[in-house]
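One rule links them: number in the working numbering = place in the sequence shown (from 1) + 16.
Virtual Cβ for every residue (Gly too), placed ideally from N, Cα, C.
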Amino acid sequence: MNLFRLPQTIKRLFRKFLHPFKSVKNFARRNIKTHAQKVVSAAIIAYLSALIPANYILGGLANNVSLSNPAQIIQTVSAHGLPNFLSLGLGSPISGVIDNATKGFESFTGLDFFGGITSGVNDFFGNNNPVRTNEDNNAIHTLENDGFDDWNESTAPNYAMEISRASVDHDTNAGTINYGGLDNLGRTTWAAGRITYQMVADSAGWREKFGADADEITGWKNPTTGKSNNGKVTVELYNGKTYTGYFYNRSHLVADSLGGAPKRENLVTGTRMQNVGANDGKGGMAYTETIARDYLKNNPNQTLYYSATPVYYQNEIIPRVVIVDMKSSDGSIDMEVEVFNSQKGYTIDYTTGAWSKN
């Protein structure tokens, strides 16, 4: 055996031993690179494909807007801006949760060093962008017709439509309701309170009688004839059923079941549909009232800001809509709802309260 050739033999054997490993390394390098490119491409495609549906779903859920109301969801998504859109709609709700958590921490500790950061984050994701504006100190909301939308059966078949986050326009203490009084035309202006579970419990099972001035709410009587504007009608409902009964109700701004008083300052002349919709808890003023009661029953230690503002057109005596704002102390409810004072199949003269069948 030639001892001088031994190192070369060992070297060749070593190379043969390493060859499979080099092949695996080269194979892995080529395939990992190819695979990574495919993963990145797939991720980009998935992200772009998810942008619109994710923003639509989260825009509706995070802002309490019905997913069957695309126009309002588009308005809400637009109001939150491009950064929130590019975050698949996650930026706004996440920053909102962080903001509520930091406020709770600061309230508990008395420290205030997160405010600037969370405010900046909220600005970035559009949480501080108003979806709707207030026209005056009475919180008459500026909509398409000097403060109101026309009722549209396709977008609000049950006479109530969620439109944005709540506007908290009145200072109220827990367990109390404030009333805005009457304007120079004798019209009810607003009512607002911070509702507690105890108020709901105290109102359960009975209904306080209307005050002596309840018949004096504007529109209940025709100002020309002095006679009642009310009468019995039949109305087609969105669920295929029909309502037969009186055209108008004395409609509470803050419901009796939430502790609202049955007095003139808390009542408006409202159609039956404005008051309860199809009477299923999902329409008219009953829509927000049901949400409020259910929330407080399930969260008895929380409070709920609740305000209702009738919106009149110029000198008309019957409101076209009522704007309801609700915001819970834990932030889980934050919504503004437009309730329409209309009735399918009938035309209302809002200057006198008279009505006629179409």
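- Just so you know, the alpha carbons of Gly191 and Met215 end up roughly 7 Å apart.
- Around Asp199, the same chain offers Thr205 as residues with beta carbons nearer than 7 Å, after the five sequence neighbours per side are excluded.
- In the DSSP assignment, Trp371 is bridged to Ile364.
- Every beta strand (DSSP E) stretch that sits fully inside the segment 232 to 274 and reaches 3 residues is listed by chain position as 248 to 252, 258 to 262, 264 to 268.
- Under the Cβ criterion (8 Å, minimum of three pairs), the segment 349 to 359 counts as touching the segment 298 to 307.
- Cα atoms of Ser344 and Arg210: separation of roughly 9 Å, rounded to the nearest angstrom.
- In the DSSP annotation of this structure, the continuous segment of the beta strand (DSSP E) that includes Lys343 starts and ends at 337 to 344.
- Assigned with DSSP and collapsed to three states, Glu178 falls in strand.
- Under the 10 Å beta carbon count, Gln359 is surrounded by 16 or more other beta carbons and is classified as buried.
- Just so you know, the alpha carbons of Ile334 and Asn100 end up roughly 40 Å apart.
- Relative to Lys257, the option among Asn295, Asn245, Ser244 whose CA is nearest is Asn295.
- Here Pro173 is buried, its C-beta having at least 16 other C-beta atoms within 10 Å.
- Its Cα nearest to that of Asp166, the residue Tyr328 stands out among Leu269, Glu232, Thr368, Tyr328.
- Residue state for Leu104 is assigned as coil, using DSSP reduced to three classes.
- In this structure, DSSP gives Ala190 an extended state, which the three-state scheme calls strand.
- Distance from the CA atom of Glu178 to the CA atom of Glu232, rounded to whole angstroms, is 30 Å.
- Excluding sequence positions up to five before and after Gly196, its CB lies within less than 6 Å of the CB of Thr205, Trp206, all in the same chain and listed in chain order.
- Contact check for Leu102 against Ala70 fails: the beta carbons are separated by 8 Å or more.
- Two segments are said to touch when three or more pairs of C-beta atoms, one from each, lie closer than 8 Å; by this definition the segment 223 to 232 does not touch the segment 316 to 327.
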